[in-house]
Amino acid sequence: MTLVDLHSHILPGVDDGSPDMNHSLVLAKAAVDDGVTHMLLTPHHMDGKYTNHKKDIIRKTEEFQQALIENDISLKVFPGQEVHLSDKLLEAIDDDDILFADEGCRYLMLELPHTHVPEYFMKNIFPELRNREIIPVIVHPERNQGIQRNPNLLYEMIKNGCLTQLTASSYLGIFGEKVTEFTQKIISSNLGYTFSSDAHNLKGRKTRMTSAYVKLGKFNERLSKNYQENAKLILNGEDVVQKNVKKIKKQSFLFNMFHKDK
Ligand SMILES: [Fe+2]
Numbered sequence: 021m022t023l024v025d026l027h028s029h030i031l032p033g034v035d036d037g038s039p040d041m042n043h044s045l046v047l048a049k050a051a052v053d054d055g056v057t058h059m060l061l062t063p064h065h066m067d068g069k070y071t072n073h074k075k076d077i078i079r080k081t082e083e084f085q086q087a088l089i090e091n092d093i094s095l096k097v098f099p100g101q102e103v104h105l106s107d108k109l110l111e112a113i114d115d116d117d118i119l120f121a122d123e124g125c126r127y128l129m130l131e132l133p134h135t136h137v138p139e140y141f142m143k144n145i146f147p148e149l150r151n152r153e154i155i156p157v158i159v160h161p162e163r164n165q166g167i168q169r170n171p172n173l174l175y176e177m178i179k180n181g182c183l184t185q186l187t188a189s190s191y192l193g194i195f196g197e198k199v200t201e202f203t204q205k206i207i208s209s210n211l212g213y214t215f216s217s218d219a220h221n222l223k224g225r226k227t228r229m230t231s232a233y234v235k236l237g238k239f240n241e242r243l244s245k246n247y248q249e250n251a252k253l254i255l256n257g258e259d260v261v262q263k264n265v266k267k268i269k270k271q272s273f274l275f276n277m278f279h280k281d282k
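Numbering follows my numbering, with no gaps: position 172 of the sequence shown is 192.
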């Protein structure tokens with residue numbers, strides 16, 4: 021049984037996730053207990069606060085893997101980055117300072133600004149990424165305020181070839197009921213592709229992957245298996261099949277600031 025987690029902050033001392041090796045080992049053990057077998061380590065990169073260069077992450081991931089082996093924790097880890105959208109992104113790719121989810125540099129774990137979806141992403145960066153046959157995997161779209169206000173933005177992204185990674189905790193209510201409901205709408209509209217943990221710590225933000233897949237399995241068993249398979253395909257750089265995407269109906273959108281007045 022393989023369970024792949026494509027988004028985590030358990031590499032020690034690199035961002036707002038695990039502060040040191042001891043914490044990282046505890047987090048890794050908790051992830052294994054949660055069923056995770058393979059984990060992409062995705063420290064924040066280029067988000068205005070954290071810069072985690074490719075070569076440093078590769079070295080630190082090797083050190084962490086060694087520590088996992090020495091501590092008998094059977095978790096296979098891979099170097100990655102949660103790359104924040106920036107007008108310097110293409111330059112960073114040209115400078116070979118970006119880590120993709122797969123070794124073939126096809127899938128990019130991309131974080132949009134929390135508050136909105138910048139126009140320059142859809143108009144400039146995204147088309148250029150597609151020219152280069154790079155597929156952005158938009159991380160936690162369910163928590164992006166721009167997408168919450170206008171879910172059509174997500175529909176357009178997916179229609180044009182993006183994938184998405186929903187956060188297991190979002191589906192399980194850790195970020196509140198509205199985020200859970202919106203996550204379900206994304207899933208029901210075929211705009212979701214896989215779950216990841218975005219694990220940061222053992223309190224609010226641990227892995228919870230198995231619970232999310234069990235919950236999804238109750239909604240749609242085939243889809244739950246599909247999501248798990250997609251994570252493997254992304255990690256291996258293989259084709260992920262686009263589904264029959266649907267628009268999320270705006271009138272049912274719960275984040276609309278005028279919602280209470282309707
Ligand atoms: Fe993250």
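Note that beta-carbon positions come from the ideal geometry of N, C-alpha and C, so glycine has one too. Computed from a prediction, not measured in an experiment: that's the story for all the values here.
message: To test your reading of the DSSP string, which unbroken alpha helix (DSSP H) runs of 4 or more residues are found completely within the stretch 39-99?
response: 41-53, 74-90
message: Here's a check: name, in chain order, each residue in its chain whose Cβ is nearer than 6 Å to the Cβ of His-58, leaving out the five neighbours to either side.
response: Val-24, Lys-96
task: With a cut-off of 8 Å on the beta carbons, I'd call Ser-217 and Leu-192 a contact; round off their distance for me.
output: That belief does not hold up - the Cβ atoms of Ser-217 and Leu-192 are roughly 11 Å apart, past 8 Å.
- prompt: Who are the near neighbours of Tyr-233 in its chain, counting only those whose CB is closer than 6 Å to its CB and skipping five residues on each side?
  reply: Ser-244
task: Using a Cβ cut-off of 8 Å (strictly closer), state whether Glu-82 contacts chain C.
output: Going by chain labels, chain C is absent from the structure shown, which holds only one protein chain.
- prompt: So who's on the other strand from Tyr-127, going by DSSP bridges?
  reply: Ile-155
task: Please report the residue range of the alpha helix (DSSP H) in which Thr-184 lies.
output: Thr-184 -> not in any alpha helix (DSSP H); beta strand (DSSP E) instead, spanning 183-187.
message: Going by beta-carbon coordinates alone, are Ile-155 and Tyr-127 separated by less than 8 Å?
response: yes
message: Please tell me whether, using a cut-off of 7 Å, the distance from the CB of Val-46 to the nearest non-hydrogen atom of ligand 1 is below it.
response: no
field: Sequence-distant residues of the same chain with beta carbon closer than 7 Å to Asn-210, five excluded per side
entry: Lys-263, Asn-264, Val-265, Lys-266
message: Just to confirm, is the Cβ distance from Leu-132 to Ile-158 under 8 Å?
response: yes
message: Taking DSSP's pairing of strands, which residues face Glu-102 in a bridge?
response: His-64
message: Less than 7 Å separating the Cβ of Val-56 from some heavy atom of ligand 1?
response: no
- prompt: Comparing alpha-carbon positions, which option in Gln-86, Phe-120, Glu-162 lies nearest Leu-149?
  reply: Phe-120
As assigned by DSSP and simplified to three states, the class of Val-265: coil
field: Segments assigned beta strand (DSSP E), at least 3 residues, entirely inside the stretch 204-264
entry: 214-216
Glu-102 CB to nearest heavy atom of ligand 1 below 7 Å: yes
message: Helix, strand or coil for Val-24? Go by DSSP, reduced to three states.
response: strand
field: Which of helix, strand or coil DSSP assigns to Leu-31
entry: coil
message: Taking 7 Å as the cut-off, is the beta-carbon of Val-159 closer than that to any non-hydrogen atom of ligand 1?
response: yes
query: Three-state secondary structure (DSSP) at Met-277?
result: With a pLDDT of only 49 at Met-277, under the threshold of 50, the placement of this residue in the model should not be trusted; the figure read from the coordinates follows. Residue state, collapsed to three classes: coil.
- prompt: Should Glu-102 and Met-129 be called a contact, given that it needs their Cβ atoms to be closer than 8 Å?
  reply: yes
query: Which same chain residues, not among the five before or five after Lys-282, have their C-beta less than 6 Å away from its C-beta?
result: Because the pLDDT at Lys-282 is just 28, under 50, the model does not fix this residue reliably, and the value given afterwards should be weighed accordingly. Excluding sequence neighbours, Lys-282 sits near nothing in its chain.
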